[in-house]
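K.L.:
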Amino acid sequence: MWTLEQPKAFLTTDNLQCSVDLSSPQAGIREVTAHQHRCSEATFSLLKMGLESEVLIESYQRGKDLITSYASNDLRPASPQIYRRSQEYSQAIGLETIVSLQTDLLASRCPIHSVTEISQYQSAMMRNSENHWQTAEPLETPQALLVEFVDDLYYLEIAHPTDITSSSYSQTPGKIQWQHTLLDLQLEKGVIRRARLQSWWIKAGEEGARSVADTLIENFINSPPPLTT
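With the working numbering applied, the sequence shown corresponds to residues 262 to 490, in that order.
1) What residues in its chain sit with their C-beta under 8 angstroms from that of GLU449, if we drop five residues either side in the sequence?
2) Taking the CB atoms as reference points, tell me whether ALA456 and ASP424 lie closer together than 7 angstroms.
3) How do the region 341-354 and the region 400-408 stand: do at least 3 beta-carbon pairs fall below 8 angstroms, yes or no?
4) Tell me, please, which residues DSSP counts as bridged to MET386.
5) For my contact list, ASN276 and ILE354 are in at a C-beta cut-off of 8 angstroms; report their separation, rounded to the angstrom.
6) What residues match up with ALA368 in a beta bridge as DSSP calls it?
7) Kindly indicate if chain D contains any beta-carbon less than 7 angstroms away from that of ARG454.
8) Taking only three categories from DSSP, how would you classify ALA270?
9) Give the range of the alpha helix (DSSP H) segment to which VAL316 is assigned.
10) In the DSSP assignment, what residue or residues form a beta bridge with ILE482?
11) Quick check on the burial criterion: 16 or more other C-beta atoms within 10 angstroms. Buried or exposed for GLN459?
12) Would DSSP call SER333 helix, strand or coil?
13) Taking 7 angstroms as the cut-off, decide whether the C-beta atoms of GLN381 and SER301 are in contact.
14) What is the DSSP secondary structure of SER380, reduced to helix, strand or coil?
15) Could you give the distance in angstroms between the alpha-carbon of LEU312 and the alpha-carbon of GLU349?
16) Any idea if ALA270 is buried or exposed, counting beta-carbon neighbours within 10 angstroms, 16 or more meaning buried?
17) Below 8 angstroms, can you find three or more Cβ-Cβ pairs linking the region 326-333 to the region 408-420?
18) GLN383 to ASP412, Cα distance in whole Å?
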């Protein structure tokens, strides 16, 4: 369940603990402990929404959801709302991030950038366009990223393919970064646009982690847009 202690929110479940800075979505999901392992030197689903600082309108917990709403202004004529939804599947525990945008203007454009950065890890794999896993390589665009933190603990990140404008993967000594551009499209007055990402922490060996990851990816790709009201 989520607990709000302004300016932060904390998620505590049996196998996942993390925090979110409500006033700063660009800080991402932090202080993650998954399956009793602290994921140090990692920030997940950091959201850059076009402003250096946000004006938080409201934040609240509802069921498994943490919901935060932010104000629009002249620099970003759209109002973002972010849902962080806890999920479980088999040996995996995860969070779905849903970003909604709406505007009062007849037309506007407000792309969202999601960034995950990991500095302490053992290996990284990507699932390519042929649905095969391979060693992650810079400058390629994977369907999904699977990162091994320690033996038998993997991190899986998926962006829904219908919501991505572009993705980029980069790797430097000791650090990987995966970035998505979401909702880079024309917004119309009265129309709500949504984008979805999923973050999963899988407790399994390499073969088992790949199998669970494949199932999670297919489930996500084939899932209908969730209700967010």
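Cβ atoms here follow ideal geometry from the backbone N, Cα and C, with glycine treated the same way. Bear in mind that the values here come from a model prediction, so they are computed numbers and not experimental data.
P.N.:
Let me lay it out:
1) THR364, LEU367 and ALA368
2) Closer than 7 angstroms, so yes.
3) no
4) MET386 is bridged by DSSP to THR396 and LEU407.
5) 4 angstroms
6) GLU449
7) Of the protein chains in this structure there is only one, and it is not chain D.
8) strand
9) Counting along the chain, VAL316 falls outside any alpha helix (DSSP H), and DSSP gives it neither H nor E.
10) Under DSSP, no beta-bridge partner is assigned to ILE482.
11) buried
12) Note: SER333 maps to coil in three-state DSSP.
13) Judged by their CB atoms, GLN381 and SER301 are nearer to each other than the 7 angstroms cut-off.
14) coil
15) 33 angstroms
16) buried
17) Contact between the region 326-333 and the region 408-420 is absent, because fewer than three Cβ pairs lie under 8 angstroms.
18) 8 angstroms
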